[in-house]
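For what it's worth, my numbering labels the leading residue of the sequence shown as 1, then goes sequentially. All C-beta atoms in this analysis are idealised placements derived from N, C-alpha and C, irrespective of residue type, glycine included. These numbers come from a predicted model, not from an experiment.
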Amino acid sequence: MRFAEIETFRALMRGSSTRKAAALLHVTQPAISQSLKRLEAQAGMLLFQRTGGRLVPTPEARALWIEVERVFIGMDAIEHRVKSLRDFGVTQLELSCFPAYGLGFMPRALARLKAHRGASPWPQVSLQVLSSKDVRDRVAMGISDFGLMADELSLEGIDHSTFSRLPGVVVMPEGHALARFKTVKPEQLAEAPFLALNPEDPSHQRLEAALAPYGVAPRVLVQTPYAASVCEMALRGLGVGLVNPITALDYVERGLVVRRLSIDVHFTCILALPAGKVLSATARDFLSLMRLQLAEDEKRMQRHLR
């Protein structure tokens with residue numbers, strides 16, 4: 001089975017007609033039709049039903065589509081790597097991180113690395129802030145030395161450990177009615193519009209489970225996948241939310257108020273590593289500095305919670 005036929009199959013799945021597939025691949029419609037015939041002959045199965053000028057994928061085609069997309073994700077990663085090598089040379093520290101830690105924590109950790117190295121040569125660093133799924137995929141493919149991700153996905157195919165497990169903090173604007181309390185109780189969360197993380201987020205599910213015995217269901221105003229968005233909206237007076245304290249730390253100097261929650265709803269950050277791969281000395285050093293930065297961030301947050 002040649003790669004050209006696989007490209008044709010992908011274009012047909014994306015375009016649903018030989019005309020659109022031909023436009024995507026910059027070839028003629030007869031070339032697409034011939035390529036599809038060869039592919040179906042080699043596969044020994046029908047991949048598309050011809051219906052009213054459209055090509056409707058069979059169940060077998062949809063199953064094959066999943067595997068084909070994985071191949072092209074890998075190809076895209078190779079192209080990215082080639083461009084990176086051409087433009088910047090060999091990267092000595094390739095990092096992937098989900099937004100909760102990638103927007104504030106990782107820059108702080110990199111600043112610590114800069115101070116730590118002093119006059120020593122600076123390693124070529126790449127920091128990619130991505131969804132947890134993309135972090136996991138890049139680590140599994142060996143593109144990243146390691147990554148930080150949420151605990152919402154399967155960890156099959158990677159080595160992993162818990163980087164942090166911290167109780168969430170309630171965030172709100174200055175002057176909010178709940179700001180006068182050192183600790184927010186479950187029933188108080190029902191008193192204000194709530195800025196929630198998406199339902200599939202494990203911390204959202206843990207919060208719902210923890211509130212259930214109290215008969216409390218927050219009045220959700222906005223749902224978002226990003227804790228940073230919750231903090232930004234809380235700053236602008238839209239309501240209150242519950243987020244990872246490391247993320248909240250990025251906003252307290254801008255006036256965000258943080259308070260403890262009287263029940264335990266924790267946020268877990270996973271350290272993901274390529275299976276069986278030994279970290280370089282540079283990666284090991286940076287990981288140690290990340291842990292020091294985490295400890296410092298936790299202490300800073302405790303001062304804001306007093």
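Inset, instruction - Compute every distance between the C-beta of histidine 304 and the non-hydrogen atoms of the ligand FAD, then say whether any falls below 7 Å. - result: Inclusion of the ligand FAD in the displayed structure is not the case, the ligand content being empty and no account of it being possible.
Legend entry - Three-state secondary structure (DSSP) of phenylalanine 286: On the sequence shown, position 286 is the one that residue 286 refers to. Phenylalanine 286 falls in the helix class under three-state DSSP.
Legend entry - alpha helix (DSSP H) segment containing glutamate 40, residue limits: On the sequence shown, position 40 is the one that residue 40 refers to. 29-43 is the span of the alpha helix (DSSP H), which, as asked, contains glutamate 40.
Legend entry - Length of the line joining the Cα atoms of alanine 11 and valine 222: Taking the sequence shown and counting its residues from 1, one reaches residue 11 at position 11. Taking the sequence shown and counting its residues from 1, one reaches residue 222 at position 222. For alanine 11 and valine 222, the distance between alpha carbons rounds to 37 Å.
Inset, instruction - For the alpha helix (DSSP H) containing arginine 136, list its first residue and its last residue. - result: The sequence position of residue 136 within the sequence shown is 136, counting from 1. 132-140 is the extent of the alpha helix (DSSP H) around arginine 136.
Inset, instruction - Apply the 10 Å Cβ neighbour rule to serine 154 and answer buried if 16 or more other Cβ atoms are within range, or exposed otherwise. - result: As a working mapping, residue 154 is identified with position 154 in the sequence shown. By the neighbour-count definition (other C-beta atoms within 10 Å, threshold 16), serine 154 is an exposed residue.
Legend entry - Cβ neighbours of lysine 185 in the same chain (closer than 7 Å, five flanking residues each side left out): Along the sequence shown, read from residue 1 onward, the residue named residue 185 stands at position 185. Same-chain partners within the cutoff: Ser262.
Inset, instruction - In angstroms with no decimal places, state the Cα-to-Cα distance between threonine 28 and phenylalanine 146. - result: In the sequence shown, residue 28 corresponds to position 28, counting from 1. In the sequence shown, residue 146 corresponds to position 146, counting from 1. Cα to Cα, the separation comes out at about 44 Å.
Inset, instruction - Going by CA-CA distance only, name the one from Met106, Thr162, Ser96 and Gly142 that's closest to serine 131. - result: In the sequence shown, counting from the first residue as 1, residue 131 sits at position 131. Closest by alpha carbon: Ser96.
Inset, instruction - Tell me whether valine 216 sits in a helix, a strand or coil according to DSSP, three-state version. - result: Against the sequence shown, residue 216 aligns to sequence position 216. Three-state DSSP puts valine 216 in coil, outside helix and strand.
Legend entry - Within 8 Å, strictly: CB atoms of valine 220 and valine 169: Your numbering for residue 220 matches position 220 in the sequence shown. Your numbering for residue 169 matches position 169 in the sequence shown. No.
Inset, instruction - Locate the beta strand (DSSP E) running through isoleucine 192, then write down its first and last residues. - result: The residue labelled residue 192 in the question sits at position 192 within the sequence shown. Looking at the sequence itself, residue 192 is alanine, so the reference to isoleucine does not match. No beta strand (DSSP E) holds alanine 192; DSSP gives it neither H nor E.
Inset, instruction - From the DSSP output, in three-state form, read off phenylalanine 267 for me. - result: The count along the sequence shown starts at 1 and reaches residue 267 at position 267. Taken through DSSP and simplified to helix, strand or coil, phenylalanine 267 comes out as strand.
Inset, instruction - Can you tell me which of the three DSSP states isoleucine 143 falls into? - result: If you number the sequence shown from 1, residue 143 lands on position 143. Coil, per DSSP.
Inset, instruction - Determine the contact status of leucine 256 and methionine 301, defining contact as a CB-CB distance below 8 Å. - result: Here residue 256 corresponds to residue number 256 of the sequence shown, with the count starting at 1. Here residue 301 corresponds to residue number 301 of the sequence shown, with the count starting at 1. No, the pair does not count as a contact, with Cβ atoms beyond the cut-off.
Legend entry - Which residues DSSP lists as bridging leucine 127, in chain order: Residue numbering aside, residue 127 sits at position 127 when the sequence shown is read from its first letter. Its beta-bridge partners are Leu95.
Inset, instruction - Compute the Euclidean distance between the alpha carbons of alanine 4 and glutamate 298, then round it to the nearest angstrom. - result: The residue given as residue 4 occupies position 4 in the sequence shown. The residue given as residue 298 occupies position 298 in the sequence shown. Each residue's Cα considered, the two are about 53 Å apart.
Inset, instruction - Please determine if the stretch 273-291 and the stretch 226-239 are in contact, where contact requires at least 3 C-beta pairs separated by less than 8 Å. - result: no
Legend entry - Alpha carbon of alanine 209 to alpha carbon of phenylalanine 181, nearest angstrom: Counting from 1 along the sequence shown, the entry for residue 209 is found at position 209. Counting from 1 along the sequence shown, the entry for residue 181 is found at position 181. Those two C-alpha atoms are separated by around 23 Å.
Legend entry - Start-to-end residues for the alpha helix (DSSP H) that takes in arginine 19: Locating residue 19 in the sequence shown gives position 19, where the first residue counts as 1. It spans 18-25 - the alpha helix (DSSP H) in which arginine 19 sits, taken as one unbroken run.
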